[in-house]
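In this note's numbering, the protein residues as written are 17 to 494. A short worksheet on the structure shown next.
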Amino acid sequence: MEFENDKERSGLVSRSKIKKANLRRNQYTISLLNEGLRAGLLTGQEVYRIQAGLMGILQDLIRRYTQGESSSVTSETAESIMASLLYAVDAYTLQFINPDQAVTELKTGNIRNIYEQGLELLRRLFEETKQLYQEVKKNKLDVPVDAYNMTIDESLPIFMKKYGIVFDAHNTMASIDYPLAVDDMRLQGVFYIRQYLERLQMETRFCRRFDRRDLLDLLTDYGKVCRFDYRIELFNIFELVLNNAIFSILSGGDAGQIRISANQYNRLQRMFSRLNASQIAAAIHQAMERLQHEMKTDPPLTDYMNQCRNNLIQRVINAANHDSLETVIIREKEVKTKSIVLLLNEADRMSDVRLRRLLDEMMRLETKEEKVQLIRDYFSSLHDYLDLLDSGCLYGDEYEALFATFGDMELAIFAKIVFYEELRADFLDFQSIVAAGKDDESEWKMHYVEFMQKLSDDRINAIGNLISDIDYEEIRFY
Numbered sequence: 017m018e019f020e021n022d023k024e025r026s027g028l029v030s031r032s033k034i035k036k037a038n039l040r041r042n043q044y045t046i047s048l049l050n051e052g053l054r055a056g057l058l059t060g061q062e063v064y065r066i067q068a069g070l071m072g073i074l075q076d077l078i079r080r081y082t083q084g085e086s087s088s089v090t091s092e093t094a095e096s097i098m099a100s101l102l103y104a105v106d107a108y109t110l111q112f113i114n115p116d117q118a119v120t121e122l123k124t125g126n127i128r129n130i131y132e133q134g135l136e137l138l139r140r141l142f143e144e145t146k147q148l149y150q151e152v153k154k155n156k157l158d159v160p161v162d163a164y165n166m167t168i169d170e171s172l173p174i175f176m177k178k179y180g181i182v183f184d185a186h187n188t189m190a191s192i193d194y195p196l197a198v199d200d201m202r203l204q205g206v207f208y209i210r211q212y213l214e215r216l217q218m219e220t221r222f223c224r225r226f227d228r229r230d231l232l233d234l235l236t237d238y239g240k241v242c243r244f245d246y247r248i249e250l251f252n253i254f255e256l257v258l259n260n261a262i263f264s265i266l267s268g269g270d271a272g273q274i275r276i277s278a279n280q281y282n283r284l285q286r287m288f289s290r291l292n293a294s295q296i297a298a299a300i301h302q303a304m305e306r307l308q309h310e311m312k313t314d315p316p317l318t319d320y321m322n323q324c325r326n327n328l329i330q331r332v333i334n335a336a337n338h339d340s341l342e343t344v345i346i347r348e349k350e351v352k353t354k355s356i357v358l359l360l361n362e363a364d365r366m367s368d369v370r371l372r373r374l375l376d377e378m379m380r381l382e383t384k385e386e387k388v389q390l391i392r393d394y395f396s397s398l399h400d401y402l403d404l405l406d407s408g409c410l411y412g413d414e415y416e417a418l419f420a421t422f423g424d425m426e427l428a429i430f431a432k433i434v435f436y437e438e439l440r441a442d443f444l445d446f447q448s449i450v451a452a453g454k455d456d457e458s459e460w461k462m463h464y465v466e467f468m469q470k471l472s473d474d475r476i477n478a479i480g481n482l483i484s485d486i487d488y489e490e491i492r493f494y
């Protein structure tokens, strides 16, 4: 928000004596007072008067908070109410383009009036933010990305319901999991949520300009490249789409295309391998400008895209230097005619009563061969296997005896679970991941790792090749 002052608009305000570098976005008014005192715009007595006025408002708010029953609260509560008070004053002082003018207002104005005007600004901003949220919710992407959907459907409504302008103005009130491409974490409260929604709306509008089927395929391919379940991971969809649109242009495709074929990828690989860092930067700059021109992006979106550009440039340069462009350029994965689909539905698992009965029977068996035979006869659902392994019914070499009956596909499924973080965190080959092992509190997982380490290199590689072919319909890793 800008303070529409005739002197400022006419350019008659003298050069600011305040050093803007010394001002803090949070606690803006406090930093203004400190800078005003340093610059000679305020005297110590004037700062004391302003602080005394703030303390008077705080006392009134405490009585209001306790509904008149007390003039004292815990120090933690008092600090929170004071932070909310200052947040409202910040809302007023942040209007001024020239911070010197804001200092003058604090110096000459009535601090209680300034606070009340700040509250009114926050009320208006909150109403605008609620309307903006409804627009974002109405036009959200239809994608199976949990963090994106839960942020819009669950987290943001909590803020809209619980936000309190008088006592909690500085609190964001909700846990926002979905990451923006460009975020300003210095902001708090309604200022942060308003900015978050504005940027999320820009990102969503941009992504909606591309074919939904292409977007879903891009997400699937991204999950395969990173070797994780993209539905439950934290990543930014806009950045993924923007990057592939730029790669489409650089590889001779259209600006409105985000599919990168094998031929396009090979062309990009040859191009980036020949270019030095400055040439890569120039190529991405040029592609970004063409994308913005052809999509007719407005100034806010253009600026937002430009803020993402340098990160992409650095990622491409690093990937080109380390021969790992496949981690940045998400290309189409070949669709296999016999893809392996596992329907791991919750409904497939046995009842708790039946599971308990089988586990009790297993505990009465004396040999590992008998236990393994019972398991193979009655257990078929992955959910049931996980319940079994977590139950503590197996001991020592009984785990190895069970794993020895598994085929490569079954071992690959468990590898996806046991080595989930390792598979998503780096791009080591599966054999190296197995060889490195892992520390885990789960006994069955430790035995699984030990079993895998005893297998031949050829079989480990065969199991690793199967991991990317597994299509999880219902499985969740939490």
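Positions of the beta carbon are idealized from the N, C-alpha and C atoms, including for glycine.
Start and end residues, alpha helix (DSSP H) containing residue i
| i | result |
| --- | --- |
| Cys-409 | Counting along the chain, Cys-409 falls outside any alpha helix (DSSP H), and DSSP gives it neither H nor E. |
| His-309 | 293–311 |
| Phe-467 | 459–469 |
| Glu-121 | 115–124 |
| Ser-367 | Looking at the DSSP string, Ser-367 is not in any alpha helix (DSSP H), and its letter there is neither H nor E. |
| Val-182 | Run containing Val-182: none; DSSP gives neither H nor E here. |
| Met-71 | 60–81 |
| Gly-52 | 44–54 |
| Phe-263 | 253–266 |
| Arg-228 | 228–242 |
| Met-321 | 315–337 |
| Tyr-212 | 205–223 |
| Ser-96 | 91–109 |
| Asn-481 | 473–483 |
| Arg-140 | 127–154 |
| Asn-8 | Here the chain covers residues 17 to 494 and nothing more, so residue 8 does not appear. |
Whole-angstrom distance between residue j and residue i, CA atom to CA atom
| i | j | result |
| --- | --- | --- |
| Leu-28 | Asp-116 | With a pLDDT of only 38 at Leu-28, under the threshold of 50, the placement of this residue in the model should not be trusted; the figure read from the coordinates follows. Cα to Cα, Leu-28 sits roughly 13 Å from Asp-116. |
| Thr-59 | Tyr-103 | 23 Å |
| Phe-288 | Asn-259 | 15 Å |
| Lys-123 | Leu-70 | 13 Å |
| Ala-94 | Leu-101 | 10 Å |
| Gly-408 | Asp-474 | 31 Å |
| Asp-314 | Tyr-320 | 10 Å |
| Asp-230 | Glu-121 | 54 Å |
| Val-501 | Leu-471 | Because the chain is modelled from 17 through 494, residue 501 falls outside the range shown and cannot be assessed. |
| Val-159 | Gly-52 | 50 Å |
| Leu-381 | Leu-371 | 16 Å |
| Ile-491 | Glu-416 | Low local confidence applies: a pLDDT of 47 at Ile-491 is under 50, so the model's placement there is unreliable, with the coordinate-based value given in what follows. Taking the straight line joining both Cα atoms gives about 24 Å. |
| Val-198 | Cys-324 | 7 Å |
| Ser-91 | Val-332 | 51 Å |
| Leu-284 | Glu-348 | 14 Å |
| Ile-483 | Met-468 | 14 Å |
| Ile-479 | Ile-429 | 9 Å |
| Lys-387 | Lys-432 | 25 Å |
| Tyr-401 | Arg-440 | 23 Å |
| Met-425 | Met-462 | 19 Å |
| Met-17 | Ser-87 | Because Met-17 carries a pLDDT of 41, less than 50, the predicted location of this residue cannot be relied on, and the following value inherits that uncertainty. Distance between the alpha carbons of Met-17 and Ser-87 is about 35 Å. |
| Val-357 | Ile-168 | Per-residue confidence for Val-357 stands at a pLDDT of 44, beneath the threshold of 50, marking its modelled position as unreliable; the derived number appears in the next sentence. So the alpha carbons of these two residues sit roughly 30 Å apart. |
| Tyr-179 | Met-201 | 18 Å |
Proximity below 9 Å, CB of residue i to CB of residue j
| i | j | result |
| --- | --- | --- |
| Asn-42 | Asn-50 | no |
| Pro-195 | Phe-251 | yes |
| Val-119 | Leu-216 | no |
| Ile-276 | Val-257 | no |
| Ile-46 | Arg-54 | no |
| Ile-181 | Arg-139 | yes |
| Ile-253 | Ala-297 | no |
| Ala-464 | Phe-419 | Looking at the sequence shown, residue 464 is not Ala but Tyr. It is a contact, given that the beta carbons lie within the stated cut-off. |
| Lys-384 | Asp-339 | no |
| Ile-391 | Met-378 | yes |
| Thr-109 | Leu-157 | no |
| Lys-36 | Gly-56 | no |
| Tyr-149 | Leu-135 | no |
Check: residue i C-beta below 8 Å from any heavy atom of the ligand COA
| i | result |
| --- | --- |
| Met-71 | Among the components modelled here there is no ligand, and therefore nothing to report on the ligand COA. |
Rounded Cβ spacing between residue i and residue j (contact assumed at less than 8 Å)
| i | j | result |
| --- | --- | --- |
| Tyr-131 | Val-105 | 6 Å |
| Phe-435 | Ile-476 | That belief does not hold up - the Cβ atoms of Phe-435 and Ile-476 are roughly 12 Å apart, past 8 Å. |
| Ala-303 | Ile-346 | Between Ile-346 and Ala-303 the Cβ distance is about 16 Å, and since that is not below 8 Å, they are no contact. |
| Arg-247 | Leu-141 | That belief does not hold up - the Cβ atoms of Arg-247 and Leu-141 are roughly 34 Å apart, past 8 Å. |
| Asp-107 | Leu-137 | The question names Asp, but residue 107 in the sequence shown is Ala. Correct: roughly 5 Å between the Cβ atoms. |
| Leu-271 | Met-311 | In the sequence as displayed, the identity of residue 271 is Ala instead of Leu. That pair is a contact at about 6 Å. |
| task | State whether the segment 137–145 contacts the segment 222–240, with contact taken as three or more CB pairs (one from each stretch) at a distance under 8 Å. | result | With a cut-off of 8 Å, the segment 222–240 and the segment 137–145 do not count as touching, because too few Cβ pairs lie within range.
| Are there three or more Cβ pairs, one per stretch, closer than 8 Å when the segment 233–241 is compared with the segment 301–308? | With the cut-off at 8 Å, the segment 233–241 and the segment 301–308 do not touch.
| request: Specify whether the segment 155–164 and the segment 71–78 touch according to this definition: at least 3 beta carbon pairs, one from each stretch, less than 8 Å apart. | output: Output reads no: the segment 71–78 does not touch the segment 155–164.
| Given 8 Å as the limit, is there contact between the segment 187–205 and the segment 264–281, that is, 3 or more CB pairs closer than that? | Flag = no, the segment 187–205 and the segment 264–281 do not touch.
| Okay, do the segment 176–186 and the segment 199–217 touch, 3+ Cβ pairs below 8 Å being the bar? | Taking 8 Å as the limit for Cβ pairs, the verdict is that the segment 199–217 does touch the segment 176–186.
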